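Read the structure below first, then the notes.
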Amino acid sequence: MLGAHYMDVVGNACRDAGIRTYGLVRNAHLFAPPQPFVLYSDLYDHAEFIRGVTTCGFSGLLWTPEFRHAASPEDYVRRLQAMVLSPMMLLNIWMMPNPPWRQLVREKNVKNEFYPPEEQVRLEKLTREALELRMRFLPYLYAAFAAYRFEGTPPFRALAMDHPEDGRLRDVDCAWLAGDRLLVAPFRAGMSELVLPLPPGEWRSFRTGERHSCEVKLTPGLDELPILVKDNSVIPLAEPVEHVTDGMRYRLTLRVFGDAPAPARLFADDGWSFGCEEDAPAWGEVRADGTMSAELEKRYEVSGIERF
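Sequential numbering from 1 applies to the sequence shown in full-length UniProt numbering.
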């Protein structure tokens, strides 16, 4: 019960101070899902990390497939990508005095024995791309967490959770639904392709807009995280920033898929206080033509539209 008590102590202290928190614990149990904490552990097999995100919706606990070590540069990049659409992007690298893209082997990192300059540049670029992609999805993920808080829908779910009648999806433990519009299938080091059964309906490649149904054969390059989008969707993507500031206004590019796209739901409270529990939930929608509900205008603006 130590984990549960720890969450209570920290959570209550933050509530008494009137600020929300989002922390990490190494131990959590039944009845812990309402707490604003993410579980991480000493499991380091990447397949187990991915399976943890895929299945966390069944318990309601949040799980991060943290980065702590990598066996190779490919393993490093794939581990970063797996966190982009997960409960938390955590680079647990306190034991490395230098950035991991300079040297992944801890003993060499400590001794300032780095990769050749061109390899450092390559890995830094791939790192930045993964981190910026995470930041671009923040408004979408914030809405998914708001739906969890107010409606009970886990933000990250196994494919079978939304389609329990579809036997093809029951054993899929390498891909998950993120929010109400996206499906993500992170690759691991050594993988070159994956044939993935898809939930009912038509799906689009997030990168190209290519249509898929029933199943998809994925063959991503190292710089690609396979993401699929439900057809007829609007995906709001924020201009990536280094950090979020109180009251900041997100500049959005709308990525629009299909001929009859449904509006995207966004949440627009102040982002830090408990006012959202006292006031009516601050939901609004942003439409394919770039217009949005008045409730969203203080937190969001549309700067561009991409159509697929």
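Even glycine gets a Cβ: it sits at the ideal position worked out from N, Cα and C. Here the structure is a predicted model, which is why all the values come from computation and not from measurement.
| Query | Result |
| --- | --- |
| Decide yes or no for the touch test of the stretch 82-92 against the stretch 129-149: beta carbon pairs closer than 8 Å, at least 3 of them. | yes |
| Over what stretch of residues does the alpha helix (DSSP H) that includes T127 continue unbroken? | P117 to R136 |
| Alpha helix (DSSP H) containing L91: first to last residue? | L91 -> no alpha helix (DSSP H), and no H or E assigned at all. |
| Report the rounded CA-to-CA distance for E301 versus V286, giving the unit in angstroms. | 10 Å |
| Inspect the beta-carbon positions of R204 and V229 and report whether they are closer than 8 Å. | yes |
| Assuming E107 is part of the alpha helix (DSSP H), what are its boundary residues? | R106 to V110 |
| How long is the line joining the alpha carbons of F267 and A146, rounded to whole angstroms? | 7 Å |
| For K298, which beta-bridge partners are listed by DSSP? | DSSP lists no partner for K298. |
| Would you kindly check if the distance between the Cβ of R136 and the Cβ of A238 is under 8 Å? | yes |
| Taking the straight line between their C-alpha atoms, what separation do you get for A280 and A262? | 23 Å |
| Alpha carbon to alpha carbon, how far is T54 from W283? | 27 Å |
| If I measure Cβ to Cβ from E202 and keep anything under 7 Å in the same chain, skipping five residues before and after, which residues do I get? | R211, S213 and D231 |
| What number of angstroms, rounded off, separates the C-alpha of G258 from the C-alpha of R207? | 14 Å |
| Taking the alpha-carbon positions, what's the F31 to W176 distance? | 23 Å |
| Can you tell me the Cα-Cα spacing of K125 and M83, whole angstroms? | 17 Å |
| When the Cα atoms are used, what is the spatial distance from R249 to G304? | 15 Å |
| What's the gap between the Cα of G221 and the Cα of D16? | 48 Å |
| For the 8 Å Cβ check, are there 3 or more pairs between the stretch 41-59 and the stretch 4-13? | no |
| How many whole angstroms separate the CB atoms of L196 and L225, which I take to be in contact at a CB cut-off of 8 Å? | The Cβ separation is near 14 Å, so there is no contact. |
| So, do the stretch 115-135 and the stretch 153-163 have three or more beta carbon pairs nearer to each other than 8 Å? | no |
| Would you call N109 buried or exposed, if buried means 16 or more other Cβ atoms sit within 10 Å of its Cβ? | buried |
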